[in-house]
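Asks:
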Amino acid sequence: MSQGKLITMDEFTIQETRKFPQATGELSALLRDLGLAGKIINKQVRKAGLVDILGKQGATNIQGEEQMKLDVYANETLINILKNSTECAGIASEENDIHVSYEDTFSANSKYVVLFDPLDGSSNIDVNAPIGTIFAIYRRVSELGKPCTEADFLQAGNRLMAAGYIIYGSSTMMVYATKVSVNGFTLEPSIGEFCLSHPNIRIPENGKIYSINQGNTIKYSEGMLSYLNFCMENNKEESRPYSHRYIGSMVADLHRTLIKGGIFIYPADKSSPKGKLRLQYECNPMTFIVEAAGGKGTTGYCNILDVTPTELHQRVPIFIGSKNMVNKVLEFVKEKEAVA
Ligand code: AHM
Ligand code: MG
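So the sequence shown is numbered by the numbering used here: it starts at 291 and just counts up by one.
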């Protein structure tokens, strides 16, 4: 933050928009709505440990409201806020089987659609580890004035207009990327605003941390095994030590990767031949962010952003992070990754 002056996310986004005379401000308004959803979800996440005191899922609280599981709460919050936004024609969520098209006149005339994973890594809630909301914004391809269609949500990542995440960690941060830059905003609780704290994030070209569920090693391909051996052998060389870190929450593992450098991998394996993570809700937005920050994301065969989705909940293997580390792993897995 420059000269001790707080710059709120809204101020920043408006300033950025002014650099493009043709911009209408609709994308800024959408980012503001996503930030609002993040603040509401954050408020509930911060009470997670109190759920036994305040009432379990299915129970009714003192105001007569039903308690909801946090991921359901996050999903409904995003769906409702974006429905009331005048900038969003519809959404697709990791939690819903099919997309939701908002049918009112304002929404039908909106040019953007949003895809999201409302609360990624939610299995970490019980152990108080960071979790996050991931979002991806596309310009719709269907006709304006009519409800959006599934085709709007099946666009390749290279057509993304913006993407971001909100991490509910030791502090709450919103990081979003446009094609121009990646910027991070920390929630300042006393004023309830996201404030610019990490301007123009650039991911280091090299890193020392590899992040993968090594408990799945038995299911990995030969290429992956030889890469893991390479990482561990490097640990013997004091000049080039690699460390292994794996939170098991993609937003948290990738936030660290973005700031400190490193690589995050969720490969295909024998029980998940297409990988585990979702192209549209997790891999595309994260790759868009990492690429805008100077890094790289690949399936092992091609850039994640070049995969044309054929279904909403498609899964892909992912190798993402510091450019040189991603290039290195490709030397091991390319051609050998028979399971992908
Ligand atoms: P979720 O969308 O059901 O929360 O699952 C996605 C999460 C990611 O956050 C994380 O990287 C991965 O699953 C961890 O999976 P695993 O426990 O198999 O290592
Ligand atoms: Mg997820």
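Where is the CB? At the ideal position from N, CA and C, for every residue including glycine.
#1: DSSP beta-bridge partners for R449?
#2: Roughly how many angstroms lie between the CA atoms of R430 and H389, to the nearest whole one?
#3: Measuring straight from C-alpha to C-alpha, what distance separates Q353 and N490?
#4: Using the C-alpha atoms, what's the distance from K509 back to T588?
#5: Smallest Cα separation from C573: which of C378, H603, G551, S562?
#6: Based on the DSSP output, what are the partners of N593 in its beta bridges?
#7: For the candidate residues S391, I456, G505, whose alpha-carbon lies nearest to that of G411?
#8: Within the same chain, show all residues whose beta-carbon is closer than 6 Å to that of L368, passing over the 5 residues directly before and after it, in chain order.
#9: Is DSSP giving T598 helix, strand or coil here?
#10: Out of G538, D543, L360, L544, which one is the CA nearest neighbour of I331?
#11: Using the beta carbon as the reference atom, which residues fall closer than 5 Å to any heavy atom of the ligand MG, ordered along the chain?
#12: For a test of the three-state rule: what should DSSP assign to A419, helix, strand or coil?
#13: Can you tell me whether G585 is buried or exposed? The criterion is at least 16 other CB atoms within 10 Å of its CB, across all chains shown.
#14: State the DSSP-derived secondary structure class of V335, mapped to helix, strand or coil.
#15: When DSSP labels each residue in this structure, what does L444 get in the three-state scheme?
#16: Any idea if P563 is buried or exposed, counting beta-carbon neighbours within 10 angstroms, 16 or more meaning buried?
#17: Decide if M514 is buried, meaning its Cβ has at least 16 other Cβ atoms within 10 Å, or exposed.
#18: If I'm right that G447 touches L595 with Cβ under 8 Å, what's the distance once you round it to whole angstroms?
Replies: In short, the structure shows the following:
#1: Note: R449 sits in no beta bridge, so no partner.
#2: 13 Å
#3: Because Q353 carries a pLDDT of 48, less than 50, the predicted location of this residue cannot be relied on, and the following value inherits that uncertainty. When rounded, the distance between both Cα atoms is 44 Å.
#4: 20 Å
#5: H603
#6: T588
#7: I456
#8: A327, F406, P408
#9: coil
#10: L360
#11: D407, D410
#12: coil
#13: buried
#14: helix
#15: coil
#16: exposed
#17: buried
#18: 4 Å
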